[in-house]
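Quick note on numbering: numbering that gives the first Met the number 0 labels position 50 of the sequence shown as 49, and the sequence is numbered without any gaps. We put the beta carbon where it would ideally sit given N, CA and C, even for glycine. To start, the structure under review is shown below, and the notes come after it.
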Amino acid sequence: MSGVQIVERGRPVGGPLSVWLNFRLVPFVAAALVKTLAYTLRVAREGFEPVEDLVAADRRVILSFYHRRLVMMPQAYPFRRSAPDGEPRGVAILSSDSKDGERSAATWQWFGIHAVRGTAGDRGAQALVRMIRAVKDGWDLGITVDGPRGPRQEVKGGVLAVSRKTGAWIVPVCVAYQSAWQLGTWDAMLVPKPFSRVKVRYGTPYQVPPQGDEEPFRAALAEELDAMEAWAQKYIE
Numbered sequence: 000m001s002g003v004q005i006v007e008r009g010r011p012v013g014g015p016l017s018v019w020l021n022f023r024l025v026p027f028v029a030a031a032l033v034k035t036l037a038y039t040l041r042v043a044r045e046g047f048e049p050v051e052d053l054v055a056a057d058r059r060v061i062l063s064f065y066h067r068r069l070v071m072m073p074q075a076y077p078f079r080r081s082a083p084d085g086e087p088r089g090v091a092i093l094s095s096d097s098k099d100g101e102r103s104a105a106t107w108q109w110f111g112i113h114a115v116r117g118t119a120g121d122r123g124a125q126a127l128v129r130m131i132r133a134v135k136d137g138w139d140l141g142i143t144v145d146g147p148r149g150p151r152q153e154v155k156g157g158v159l160a161v162s163r164k165t166g167a168w169i170v171p172v173c174v175a176y177q178s179a180w181q182l183g184t185w186d187a188m189l190v191p192k193p194f195s196r197v198k199v200r201y202g203t204p205y206q207v208p209p210q211g212d213e214e215p216f217r218a219a220l221a222e223e224l225d226a227m228e229a230w231a232q233k234y235i236e
C-alpha cells in the first residue's frame, strides 16, 4: 500500500489501513464509549464559582490534576470560549509526540479538546514552549502534573512555569467517583462505573509570580492535590 504514513521518531507506523485503524477508528470508539459512560453519570461540582469568575473575566486557567483522574477530565471543563479573532477556544491538553500520543490527541478531539504535542524528558522544553504559546493564543490548559509517565502523584514543574510565563491561574482539580474500576496502569487509572455519582472539586486558584522561588508553589499544589485524593477516597467509601 502507498500513501502518507504517520511517523513515530523517524519510523513509519504503517500504511493507510493501519493509520485509519489506529488514529481514526480506535479514537472514535474510545471517545464514544467515554461519552456514553459520561451520559449515565450524575455530576456535581464543588468550589466552581471562582473558576467561573476567572473565565467571565477572560482570565486563562490551568486545570491541574493527577493522571489517574484523566478519564473524566472533560467533566471538569464545561466552558466554550472565543479568541479575539472569533475563533473558538476551549481547553488544551499536552499529548506526547509518540504513537500513543497521536492516538490520544485524536481521541481528545472528539471532546473538543485541543492537543498540544510535546513530551517530557529531553524535549520537555519544547513542550513547555508549546503550552505557553497555546495559553497566549487563548487556550486554557488541562495538565496532568505527574504525567505523562510518573512518578505517580509527584508534581512536576511544568505547570508552574506556564503560570509564571503567562499569568494563567493554576486551579487544582480532583474528580471523585462513588464507584470506579482501578486499572493496572502505572498511575492506577480510575474509570467510573456507569450510573455512579461523580463530584468535581476545584481548589483555590492562584498565580505563580514572575520572580522568586517556585518550590513553595509546587509544594502547596502537591499538598492540595494529595488532600483532594484523600477526600476522593472517602467519597468512594
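(message) I need the boundaries of the beta strand (DSSP E) containing Val115, first residue and last residue.
(response) Here residue 115 is taken as the residue at index 116 of the sequence shown, counted from 1. That run of the beta strand (DSSP E) goes His113 to Arg116.
(message) Can you look up Ser17 in the DSSP assignment and give me helix, strand or coil?
(response) Stepping through the sequence shown from its first residue, residue 17 is reached at position 18. Helix at Ser17.
(request) Tell me where the alpha helix (DSSP H) around Gly100 begins and ends. (result) Counted from its first residue, the sequence shown places residue 100 at position 101. Here the alpha helix (DSSP H) through Gly100 covers Lys98 to Gln108.
(request) Tell me, please, which residues DSSP counts as bridged to Asp139. (result) As a first step, residue 139 is located in the sequence shown; it is residue number 140 there, counting from the start. Asp139 pairs with Val90.
(request) Please report how far the alpha carbon of Ile235 lies from the alpha carbon of Pro193, in whole angstroms. (result) What you label residue 235 is simply residue 236 of the sequence shown in a count that begins at 1. What you label residue 193 is simply residue 194 of the sequence shown in a count that begins at 1. Distance between the alpha carbons of Ile235 and Pro193 is about 14 angstroms.
(request) Give the DSSP-derived three-state secondary structure of Ser63 in the structure shown. (result) What you label residue 63 is simply residue 64 of the sequence shown in a count that begins at 1. Strand, per DSSP.
(request) Please classify Phe78: is it buried, with 16 or more other beta-carbons within 10 angstroms of its beta-carbon, or exposed? (result) In the sequence shown, the residue the question calls residue 78 occupies position 79. Phe78 should be labelled exposed.
(message) Looking only at its chain, what residues have a beta carbon closer than 7 angstroms to the beta carbon of Pro26, apart from the 5 residues adjacent to it on each side?
(response) To locate residue 26, count along the sequence shown from 1; it is residue 27. For Pro26, where only same-chain residues beyond five positions count, the Cβ hits under 7 angstroms are Arg102, Ala105, Thr106 and Trp109.
(message) Excluding the 5 residues flanking Met72 on each side, which residues of the same chain have their C-beta closer than 6 angstroms to its C-beta?
(response) As a position in the sequence shown, residue 72 is number 73, starting the count at 1. The answer, listed in chain order, is Gly141.
(request) Can you give me the start and stop residues for the alpha helix (DSSP H) that Lys233 sits inside? (result) Here residue 233 is taken as the residue at index 234 of the sequence shown, counted from 1. Lys233 -> alpha helix (DSSP H) spans Glu214 to Ile235.
(message) Let's test the definition: count the other Cβ atoms within 10 Å of the Cβ of Thr165 and tell me whether it reaches 16, buried, or not, exposed.
(response) The count along the sequence shown starts at 1 and reaches residue 165 at position 166. With 16 or more other Cβ atoms within 10 Å, it is buried.
(message) With distance defined between alpha-carbon atoms, name the residue in Asn21, Ile61, Leu53 and Val54 nearest to Leu159.
(response) Along the sequence shown, read from residue 1 onward, the residue named residue 159 stands at position 160. Here the closest residue by C-alpha is Ile61.
(message) Going by the DSSP bridge assignment, what does Ser195 pair with across the sheet?
(response) Working through the sequence shown from its first residue, we reach residue 195 at position 196. Ser195 is not bridged to any residue.
(request) Could you round the C-beta distance between Ser63 and Pro204 to whole angstroms and report it? I think they count as a contact, below 8 angstroms. (result) By 1-based counting over the sequence shown, the position of residue 63 is 64. By 1-based counting over the sequence shown, the position of residue 204 is 205. At roughly 10 angstroms, the Cβ-Cβ gap does not stay under 8 angstroms, so Ser63 and Pro204 are not in contact.
(request) Would you mind working out which of Glu48, Asp212, Glu213 and Gln206 sits nearest Arg59, comparing C-alpha positions? (result) Along the sequence shown, one-based indexing puts residue 59 at 60. Ranking Glu48, Asp212, Glu213 and Gln206 by Cα distance to Arg59 puts Gln206 first.
(request) Just grab the DSSP bridge partners of Ser81 for me. (result) For this step, residue 81 is matched to residue 82 along the sequence shown. BP columns for Ser81 point to Pro87.
(message) Bridge partners for Glu153 per DSSP, in chain order?
(response) The residue labelled residue 153 in the question sits at position 154 within the sequence shown. DSSP, once it has assigned bridges, lists no residue as partnering Glu153.
(request) Could you tell me the boundaries of the beta strand (DSSP E) in which Pro204 lies? (result) Residue numbering aside, residue 204 sits at position 205 when the sequence shown is read from its first letter. Where Pro204 is concerned, there is no enclosing beta strand (DSSP E), given that its DSSP letter is neither H nor E.
(message) Looking at chain D, is there any beta carbon in it that lies within less than 8 angstroms of the beta carbon of Ile61?
(response) Judged by its chain identifiers, the structure shown contains no chain D, having just a single protein chain.
(message) Buried or exposed, going by whether 16 or more other CB atoms sit within 10 Å of the CB of Glu214?
(response) Counting from 1 along the sequence shown, the entry for residue 214 is found at position 215. Glu214 is exposed by the Cβ-count criterion.
(message) Could you compute how far the alpha carbon of Val197 sits from the alpha carbon of Gly46?
(response) For the purposes of this step, residue 197 is taken as the residue at position 198 of the sequence shown. For the purposes of this step, residue 46 is taken as the residue at position 47 of the sequence shown. In a straight line, the C-alpha of Val197 is about 14 angstroms away from that of Gly46.
(message) So, at 7 angstroms on beta carbons, what are the nonlocal neighbours of Gly120 in its own chain, with the 5 sequence-adjacent residues on each side left out?
(response) Against the sequence shown, residue 120 aligns to sequence position 121. For Gly120, the predicted model reports a pLDDT of 48, less than 50, meaning its position is unreliable and no value from the coordinates is stated.
(message) Quick check on Val170: does DSSP put it in helix, strand or coil?
(response) In the sequence shown, residue 170 corresponds to position 171, counting from 1. Val170: strand per DSSP, three-state reduction.
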